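Participant: First the structure, then my questions, so here it is.
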Amino acid sequence: MSTGSRKRSRRPMWTGRVRQRVSTRSMSSGWESTLTSRSRLFAALAILVLLLGCAEREAKISGESPDIRAPDRPRDFKAFAYPDRVELSWQNPEDDDFAGVLLVRSDGESIEFPEWRRAYDRGESLGDGTVVYAGTGEEFTDSDVVCGRTYRYYLFAFDDSYCYSDDAKLEATTGGMVVPRIAFAATTLADGRVLITGGISYGGPTDTAEIFDPETGTFNLVSARMITSRFDHTATLLPDGRVLIVGGFKEGLSEALSTAEIFDPATERFSKLPSSLDVARADHRAALLPDGDVLVVGGTDGVAPLATAELFDYETEEFSVLPSSLAVARTGFEMTPFVRGEESYLLVSGGVGPDGFALDTAEVFSVERLQFEDLDGQAGGTEQMVCAHAVHRAVALDDSRILIVGGSQGDEATGQPTACTELFDPDSDEPFEQVADLSTARSGFATAVLDDSRILV
């Protein structure tokens with residue numbers, strides 16, 4: 046056949062997959078001796094795609110770079126935990142190549158990351174984890190749970206090449222609070238149930254509330270939402286059974302709230318109060334007075350501790366500024382009722398002062414005179430405590446004494462927990478006396494008085 050009539054060999058066309066004809070002999074003798082510069086480029090790209098594992102299957106090499114980026118992780122991952130189930134929800138990413146999500150539950154410490162370019166079915170294992178859902182939905186109810194157990198959930202998004210995103214993760218404890226939260230307020234209602242309001246949950250402050258029923262030992266989510274998301278607020282039971290919710294932070298630790306709202310357990314709804322605090326405050330304390338009014342004291346405006354106090358009038362539902370103020374501005378303190386003779390008082394103990402350090406002073410609020418004073422009745426006076434305490438606990442005993450336990454000492458930012466425990470006796474010449482220390486120093490904890498009068502820390 047003449048040269049002019051000889052048909053030229055045609056290279057394989059690029060069809061979206063890496064294709065290259067390489068003989069067994071050429072593989073054994075080396076790539077350099079047989080591949081053209083262009084085919085070497087194609088082969089190198091093929092190896093790169095395989096190594097990366099998450100390349101788009103139909104990427105066009107000519108004029109385009111393969112997409113090797115995983116989808117964004119799912120957003121707004123939440124869980125509502127009930128005694129017999131965990132209800133999970135999320136928002137899928139908006140990537141054009143999003144193909145689904147993989148939900149993995151673990152009873153152990155960790156899971157294995159999903160393998161690239163591999164699909165998983167429900168029931169398959171990933172280390173200590175098990176796949177409980179794979180699909181394109183945005184919610185899942187896990188009913189295969191045991192009450193009282195904590196489960197860890199990991200949620201991955203993947204594309205059509207099974208390239209997996211970073212995980213969104215959370216924990217849920219069945220039989221515990223429906224919405225995990227910190228910095229919330231707990232209020233015992235007139236019927237013995239406990240109202241849980243606000244706090245910080247997944248992604249920030251929450252406007253959810255739930256009620257604990259001691260007869261069934263379960264938490265139930267309140268269907269109505271709070272008027273405002275808030276944490277480090279107060280929630281005080283009023284004489285008519287409603288709950289007054291005051292102040293707190295809305296975002297971060299700088300945006301304190303001046304608003305208040307009321308929860309009515311009869312309707313399980315929240316309503317906004319027209320009246321507001323004179324000064325926005327959070328991490329303050331509130332106490333119900335014998336006449337039904339509520340005293341709101343101290344806290345922080347997000348910048349510095351406050352010395353001012355305000356009074357909520359139960360009849361008019363209005364706030365007013367109290368003429369008397371704390372001798373020392375403070376936040377993170379305790380305010381505990383006691384009786385001395387025939388008069389009712391509140392002990393304001395410890396906290397963090399204007400200089401950012403834990404306080405070793407206390408002062409007394411006279412309910413009859415509506416003023417802050419010392420035990421001698423001197424307005425603006427303070428009492429010296431044995432130790433400095435902030436973010437501690439103060440427990441009222443049956444005989445008007447108060448046990449002051451633990452907390453932090455030193456600077457607010459670098460302070461250390463303390464084991465110091467002292468007893469306040471308003472009838473003693475030395476009102477504060479140190480007693481046995483805690484076995485372990487602690488701060489930000491909880492206490493409970495047991496039926497036999499012992500105190501659980």
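Heads up, the sequence shown is in the numbering used here, so the first residue is 46 and it goes up one at a time.
Note that CB positions come from ideal geometry on N, CA and C, so glycine has one too.
Keep in mind it's a predicted model, so treat the numbers as computed, not measured.
1) CA-CA distance, residue 486 and residue 466?
2) Residue 213 CB to nearest chain B CB: under 8 Å?
3) Quick check: the Cα distance between residue 197 and residue 374, rounded to an integer number of angstroms?
4) Look up residue 298 in the DSSP assignment and say whether it is helix, strand or coil.
5) Out of curiosity, what's the CA-to-CA distance linking residue 202 and residue 303?
6) Would the region 209-225 count as touching the region 131-146 if we require 3 or more Cβ pairs under 8 Å?
7) Check whether the region 454-461 touches the region 407-420, counting contact only when three or more Cβ pairs, one atom from each stretch, lie closer than 8 Å.
8) Alpha carbon to alpha carbon, how far is residue 129 from residue 145?
9) Quick one: what's got a C-beta closer than 8 Å to residue 493's C-beta in the same chain, skipping five residues either side?
10) Name, in chain order, the residues that DSSP records as bridge partners for residue 162.
11) Let me check understanding here. Comparing Cα to Cα, which of 274, 435 and 171 lies closest to residue 403?
12) Could you tell me the alpha carbon to alpha carbon distance between residue 261 and residue 220, rounded to whole angstroms?
13) With DSSP collapsed to three states, give me the class of residue 195.
14) Tell me, to the nearest whole angstrom, how far the beta carbon of residue 415 is from that of residue 369; I am working on the premise that it is less than 8 Å.
15) Following the continuous beta strand (DSSP E) through residue 415, name the residue where it begins and the one where it ends.
16) Take the Cβ of residue 433 as the centre, count every other Cβ of all protein chains shown within 10 Å, and call the residue buried at 16 or more, exposed below.
17) Report all residues from its chain with a CB closer than 6 Å to the CB of residue 180; omit the five preceding and five following residues, and keep chain order.
18) When burial is assigned at 16 or more other CB atoms within 10 Å of the CB, is residue 195 buried or exposed?
19) Helix, strand or coil for residue 271 per DSSP?
20) Rounded to whole angstroms, what is the Cα-Cα separation between residue 490 and residue 270?
21) Is the separation between the beta-carbon of residue 326 and that of residue 351 shorter than 8 Å?
22) Determine the burial state of residue 163: buried for a count of at least 16 other Cβ atoms within 10 Å of its Cβ, exposed for fewer.
23) Does the beta-carbon of residue 286 have 16 or more other beta-carbons within 10 angstroms, so that it is buried, or is it exposed?
24) Indicate the three-state DSSP secondary structure (helix, strand or coil) for residue 434 in the structure shown.
25) Between the C-alpha atoms of residue 447 and residue 238, what's the straight-line distance to the nearest angstrom?
26) How many Å lie between residue 442 and residue 421 at the Cα?
27) Looking at the strands, I want to know which residues DSSP matches up with residue 187.
28) Going by C-alpha distance, which of 190, 192, 182 and 200 is nearest residue 34?
29) If you compare alpha carbons, which of 480, 274 and 324 is closest to residue 306?
30) From residue 321 to residue 343, what distance separates their C-alpha atoms?
31) So is residue 26 buried or exposed if we call it buried at 16+ other beta carbons inside 10 Å?
32) Quick check on the DSSP output: the beta strand (DSSP E) that includes residue 479 runs from which residue to which?
33) Return the residue from the list 210, 272 and 160 that minimises the CA-CA distance to residue 143.
Facilitator: From the atom records:
1) Looking up residue 486 in the sequence shown gives position 441. Looking up residue 466 in the sequence shown gives position 421. In a straight line, the C-alpha of residue 486 is about 10 Å away from that of residue 466.
2) Annotation note: the requested chain B is absent from the structure, which comprises a single protein chain.
3) To locate residue 197, count along the sequence shown from 1; it is residue 152. To locate residue 374, count along the sequence shown from 1; it is residue 329. Looking at the two C-alpha atoms, the distance is approximately 42 Å.
4) By 1-based counting over the sequence shown, the position of residue 298 is 253. Of the three classes helix, strand and coil, the one that applies to residue 298 here is coil, per DSSP.
5) For the purposes of this step, residue 202 is identified with residue 157 of the sequence shown, where counting begins at 1. For the purposes of this step, residue 303 is identified with residue 258 of the sequence shown, where counting begins at 1. Residue 202 and residue 303: Cα-Cα distance of roughly 41 Å.
6) In short, these stretches touch, since the Cβ pair count reaches three.
7) no
8) In the sequence shown, residue 129 corresponds to position 84, counting from 1. In the sequence shown, residue 145 corresponds to position 100, counting from 1. Between residue 129 and residue 145, the C-alpha separation is close to 27 Å.
9) Reading the sequence shown from its first residue, position 448 is the one you call residue 493. If we look at residue 493 and ignore the five residues flanking it on each side, its Cβ neighbours are 500 and 501.
10) For this step, residue 162 is matched to residue 117 along the sequence shown. Residue 162 is not bridged to any residue.
11) Working through the sequence shown from its first residue, we reach residue 403 at position 358. Per the Cα distances, 435.
12) By 1-based counting over the sequence shown, the position of residue 261 is 216. By 1-based counting over the sequence shown, the position of residue 220 is 175. C-alpha separation (whole angstroms): 10 Å.
13) One-based indexing of the sequence shown puts residue 195 at position 150. Strand.
14) Along the sequence shown, one-based indexing puts residue 415 at 370. Along the sequence shown, one-based indexing puts residue 369 at 324. Rounded, the Cβ-Cβ distance is 6 Å, consistent with contact.
15) Start at 1 with the first residue of the sequence shown, and residue 415 comes out as number 370. Counting along the chain, residue 415 falls outside any beta strand (DSSP E), and DSSP gives it neither H nor E.
16) In the sequence shown, residue 433 corresponds to position 388, counting from 1. Buried, since its Cβ has 16 or more Cβ neighbours within 10 Å.
17) Position 135 of the sequence shown, counted from the first residue, corresponds to residue 180. Cβ neighbours of residue 180 beyond the five flanking positions: 145.
18) As a first step, residue 195 is located in the sequence shown; it is residue number 150 there, counting from the start. Answer is exposed; the Cβ neighbour count stays below 16.
19) Within the sequence shown, residue 271 is the residue found at index 226, counting from 1. Looking at residue 271 - three-state DSSP - the assignment turns out to be coil, as it is neither helix nor strand.
20) Looking up residue 490 in the sequence shown gives position 445. Looking up residue 270 in the sequence shown gives position 225. About 27 Å.
21) Taking the first residue of the sequence shown as position 1, residue 326 is located at position 281. Taking the first residue of the sequence shown as position 1, residue 351 is located at position 306. Contact check for residue 326 against residue 351 passes: the beta carbons are separated by less than 8 Å.
22) Taking the first residue of the sequence shown as 1, we reach residue 163 at position 118. Classification of residue 163: exposed, given that the 10 Å Cβ count is below 16.
23) Residue 286 sits at position 241 when you count from the first residue of the sequence shown. Flag for residue 286 reads exposed.
24) Locating residue 434 in the sequence shown gives position 389, where the first residue counts as 1. The answer is strand: DSSP assigns residue 434 an E or B state.
25) Counting from one through the sequence shown, the residue named residue 447 turns up at place 402. Counting from one through the sequence shown, the residue named residue 238 turns up at place 193. The straight-line gap separating the alpha-carbon atoms of residue 447 and residue 238 is approximately 26 Å.
26) Working through the sequence shown from its first residue, we reach residue 442 at position 397. Working through the sequence shown from its first residue, we reach residue 421 at position 376. Between the alpha carbons of residue 442 and residue 421 lies a distance of about 22 Å.
27) Looking up residue 187 in the sequence shown gives position 142. Residue 187 is bridged to 131.
28) For the chain, the structure presents residues 46 to 502; residue 34 sits outside this window and is missing.
29) The sequence position of residue 306 within the sequence shown is 261, counting from 1. Nearest option by C-alpha distance: 274.
30) Here residue 321 refers to the residue found at position 276 when the sequence shown is read from its first residue. Here residue 343 refers to the residue found at position 298 when the sequence shown is read from its first residue. When rounded, the separation of the alpha-carbon atoms in residue 321 and residue 343 is 16 Å.
31) There is no way to answer for residue 26, as the model of the chain reaches only from 46 to 502.
32) For this step, residue 479 is matched to residue 434 along the sequence shown. Run containing residue 479: 477-480, per the beta strand (DSSP E) assignment.
33) Your numbering for residue 143 matches position 98 in the sequence shown. Nearest of 210, 272 and 160 to residue 143, Cα basis: 210.
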